[in-house]
Every structure is written in structure tokens, then in C-alpha cells.
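First the structure, in the form of C-alpha cells, and then the observations on it.
Numbering (the working numbering), first residue to last: 1 to 101.
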């Protein structure tokens, strides 16, 4: 009876050891997968930061170009208005151009 009891304890201990080993393997698999996912997220985060910086740089460049184009258009508009007034003065003598001011 003592031998039967010892055999039962040994069997249960062996079963527990197997379960412990299986759990340890699952833990290691989980930790490995977790590390891979962290690495992947880190890479994605770096790529996102690069993309955001590139977008911001592009936006700033676009704004500078837009501002430059707007300034050019305004100066060209003023130049054309001056030419128009000068044309009126030259081509239409005696013309009252006070309305253009």
C-alpha cells in the first residue's frame, strides 16, 4: 500500500513536471512573440515618425512656395495696374484717372 501510494505520488509529480514544462514552453513562446511584436511596433513607430517629418517638411515647403507665388502674383498685379494707368495717361490724354486711385 505504501508502494502504491508512492507510485501514485511519483506519477502525479511526473504529470506536474510535464505540465510545468509545457507551461514554461508556452511562456517562452509568448515572450518571444511579445518581443517580436514590440520590435515590429518600434519599427512601425520609427517609420511613422519619418513619414510625419517628411510630410511636415513637404507642408512647410509648399507653404513657402505658395507664399512666394502669392507675393509674385501680387507684385505682378500691381505692376499691371501701374501699366494700365500709364497706358490710360499716354493713350487717352485728358482722361480723368482719379477713379483708379
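Think of the CB as a built atom: it goes at the ideal place given N, C-alpha and C, for glycine as much as any other residue.
Treat the numbers as computed from the prediction; the structure is a model and nothing was measured.
Backbone CA spacing between residue i and residue j [nearest angstrom]
i: residue 20; j: residue 47; result: 40 Å
i: residue 15; j: residue 22; result: 11 Å
i: residue 25; j: residue 35; result: 15 Å
i: residue 27; j: residue 33; result: 10 Å
i: residue 78; j: residue 71; result: 11 Å
i: residue 29; j: residue 58; result: 43 Å
i: residue 44; j: residue 54; result: 15 Å
i: residue 81; j: residue 63; result: 27 Å
Same chain only: Cβ atoms within 7 Å of residue i, ignoring 5 sequence neighbours per side
i: residue 41; result: none
i: residue 65; result: none
Residue i beta carbon near the ligand NAD (any heavy atom closer than 7 Å)
i: residue 72; result: Summarising the ligand content, the structure contains no ligands, and the ligand NAD is consequently not present.
Sequence-distant residues of the same chain with beta carbon closer than 6 Å to residue i, five excluded per side
i: residue 5; result: none
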